[in-house]
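First residue of the sequence shown? That's 608 in our numbering, and the numbers climb one at a time after it.
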Amino acid sequence: MHAIIATWKMSYPSVCDAQHLLQEGAAAGDAVVEAITQIEDDPTLNSVGYGGLPDRDGHVMLDAAYMDGQTLRCGAIMSAEGIRNPILAARKLCGRESNCVLAGRGAELFAIEEGLPMRDMCTHASMQHWREAIRMEHRKLSAYRDHDTVCVLALDEDGGLVAGTSTSGLFMKAPGRVGDSPLIGSGYYADARYGAAAATGVGEEIMRGCLSYEIVSLMKRGASAQQACEEAMNDFVSRKLELGEDAGSMSVIALAPDGTFGAATTLDVFPFTVGNESGVHLCAVKNGVVTEVTEEEVAKLP
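This is the structure in structure tokens:
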């Protein structure tokens with residue numbers, strides 16, 4: 608049994624390649640890294656890696672995380688600049704008993720010491736977008752239009768279960784701002800005994816509910832991946848409404864040790880990609896229902 612699930616339609620091509628690796632017997636971690644590095648290297652995707660949207664000062668600052676569900680070890684970097692593939696740095700940090708989460712210059716020096724490729728992550732397009740935003744000083748930013756995190760969960764034939772995330776964060780964010788993506792329990796969590804989960808959206812909202820850990824905790828108590836996603840999301844949204852807030856912009860995915868998956872969102876439509884022994888499928892949560900998406904619908908998805 609093997610499976611992989613990733614956020615957004617942008618993940619479809621790389622999930623196809625990662626699914627092939629799993630079919631050939633690769634470890635879950637290799638599949639996660641394959642899926643994420645392809646997205647990090649694609650300059651046309653302006654929310655992750657190369658060509659990511661800059662912060663308020665014009666710097667593309669990167670966050671990434673990697674968690675091994677068999678050992679509960681994790682590695683993460685945050686507010687780092689110039690690391691070509693942040694997920695590779697996060698994976699190398701995973702397994703350390705200390706110093707497994709590094710920020711800023713410390714993360715950058717670690718990547719250099721480990722021989723990871725470095726590069727200027729800005730592109731002409733990303734800087735042009737930043738200059739336009741500077742001119743529109745009071746533009747209101749929102750999740751999904753101005754950023755979206757790639758989250759990947761993979762299960763291999765040996766029962767390995769891994770979670771990975773990568774993002775350049777909220778466009779025009781304050782220098783040093785960190786969202787949920789590199790924070791264990793909020794942006795991601797994996798326990799090979801029960802399941803893995805990850806979240807994308809407005810990090811300041813997601814981290815208040817520790818949504819990824821909550822989903823895995825519900826799976827530990829017997830909920831399916833889909834039930835856990837829906838219950839965790841519904842409970843947190845209910846609490847936000849009690850506080851006089853709106854539902855916000857949040858989406859989650861989950862993967863169980865038996866290969867079944869789940870997803871939930873506060874959006875009208877949330878697309879994601881699933882790969883398993885039956886192939887690779889583009890799916891979506893539409894008005895609360897998980898469905899496979901037809902080719903005609905793909906172009907209309909966010």
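For each residue, glycine too, the CB sits at the ideal point set by N, CA and C.
Only a predicted model underlies this, so the values are computations on that prediction, with no experimental measurement involved.
Would you tell me roughly how many angstroms separate the C-alpha atoms of residue i and residue j, rounded to the nearest one?
{"i": "Ser-733", "j": "Val-639", "result": "26 Å"}
{"i": "Glu-704", "j": "Arg-738", "result": "42 Å"}
{"i": "Thr-671", "j": "Glu-904", "result": "It is Ala, not Thr, that sits at residue 671 in the sequence shown. Those two C-alpha atoms are separated by around 30 Å."}
{"i": "Glu-849", "j": "Val-823", "result": "24 Å"}
{"i": "Leu-762", "j": "Cys-623", "result": "14 Å"}
{"i": "Pro-724", "j": "Arg-663", "result": "25 Å"}
{"i": "Ala-797", "j": "Glu-812", "result": "20 Å"}
{"i": "Glu-688", "j": "Pro-782", "result": "12 Å"}
{"i": "Ser-856", "j": "Thr-873", "result": "6 Å"}
{"i": "Pro-650", "j": "His-731", "result": "10 Å"}
{"i": "Asp-765", "j": "Ala-861", "result": "19 Å"}
{"i": "Met-840", "j": "Asp-865", "result": "22 Å"}
{"i": "Asn-692", "j": "Asp-648", "result": "7 Å"}
{"i": "Arg-726", "j": "Leu-768", "result": "30 Å"}
{"i": "Ala-799", "j": "Pro-620", "result": "26 Å"}
{"i": "Thr-901", "j": "Ile-719", "result": "44 Å"}
{"i": "Phe-778", "j": "Ala-835", "result": "30 Å"}
{"i": "Ile-791", "j": "Lys-827", "result": "17 Å"}
Go ahead and pull the three-state DSSP assignment for residue i.
{"i": "Asn-883", "result": "strand"}
{"i": "Leu-629", "result": "helix"}
{"i": "Glu-715", "result": "helix"}
{"i": "Val-892", "result": "strand"}
{"i": "Val-639", "result": "helix"}
{"i": "Phe-778", "result": "coil"}
{"i": "Glu-821", "result": "helix"}
{"i": "Glu-764", "result": "coil"}
{"i": "Ser-773", "result": "strand"}
{"i": "Gly-658", "result": "coil"}
{"i": "Pro-878", "result": "strand"}
{"i": "Tyr-801", "result": "coil"}
{"i": "Met-734", "result": "helix"}
{"i": "Cys-623", "result": "helix"}
Taking all protein chains shown into account, decide if residue i is buried (16 or more other Cβ within 10 angstroms of its Cβ) or exposed.
{"i": "Glu-895", "result": "At residue 895 the sequence reads Gly, which differs from the Glu that was named. By the 10 Å Cβ count, Gly-895 comes out exposed."}
{"i": "Ala-625", "result": "buried"}
{"i": "Glu-721", "result": "exposed"}
{"i": "His-609", "result": "buried"}
{"i": "Gly-676", "result": "buried"}
{"i": "Gln-735", "result": "exposed"}
{"i": "Gly-702", "result": "exposed"}
{"i": "Ile-741", "result": "exposed"}
{"i": "Arg-846", "result": "exposed"}
{"i": "Asp-755", "result": "buried"}
{"i": "Ser-773", "result": "buried"}
{"i": "Met-743", "result": "exposed"}
{"i": "Asp-875", "result": "exposed"}
{"i": "Asp-853", "result": "exposed"}
{"i": "Ala-906", "result": "exposed"}
{"i": "Ser-885", "result": "exposed"}
Might you give, ordered along the chain, the residues of its own chain that have their beta carbon closer than 6 Å to the beta carbon of residue i, omitting 5 neighbours on each side?
{"i": "Val-759", "result": "Ala-613, Val-639, Ala-642, Ile-643 and Gly-771"}
{"i": "Phe-843", "result": "Gly-816"}
{"i": "Gly-882", "result": "Ile-611, Val-622 and Gln-626"}
{"i": "Leu-700", "result": "Gly-682 and Cys-707"}
{"i": "Val-667", "result": "Gly-659, Pro-661, Met-728, Cys-729 and Ser-775"}
{"i": "Ala-863", "result": "Gly-802 and Ala-832"}
{"i": "Leu-695", "result": "Leu-723"}
Please go through the same chain and pick out, in chain order, the residues whose beta-carbon is closer than 8 Å to the beta-carbon of residue i, but skip the five residues on each side of it.
{"i": "Val-897", "result": "Gln-833, Gly-869, Ala-870, Cys-890 and Ala-891"}
{"i": "Glu-838", "result": "Leu-825 and Ala-830"}
At a cut-off of 7 Å, would you count residue i as near the ligand MG, judging by its Cβ distance to the nearest heavy atom?
{"i": "Met-608", "result": "Summarising the ligand content, the structure contains no ligands, and the ligand MG is consequently not present."}
Which residues in the same chain have their Cβ closer than 7 Å to the Cβ of residue i, if we skip the five residues on either side of it in sequence?
{"i": "Arg-698", "result": "Gly-636, Val-640, Tyr-673 and Gly-682"}
{"i": "Tyr-820", "result": "Gly-792 and Tyr-796"}
Kindly confirm or deny that the stretch 652 to 666 and the stretch 625 to 635 touch, where touching means at least three C-beta pairs closer than 8 Å. Fewer than three beta-carbon pairs drawn from the stretch 652 to 666 and the stretch 625 to 635 are found closer than 8 Å, and the two stretches are therefore not classed as touching.
Evaluate the contact criterion for the stretch 801 to 816 versus the stretch 706 to 714: three or more CB pairs, one atom per stretch, below 8 Å. Short answer: they don't touch.
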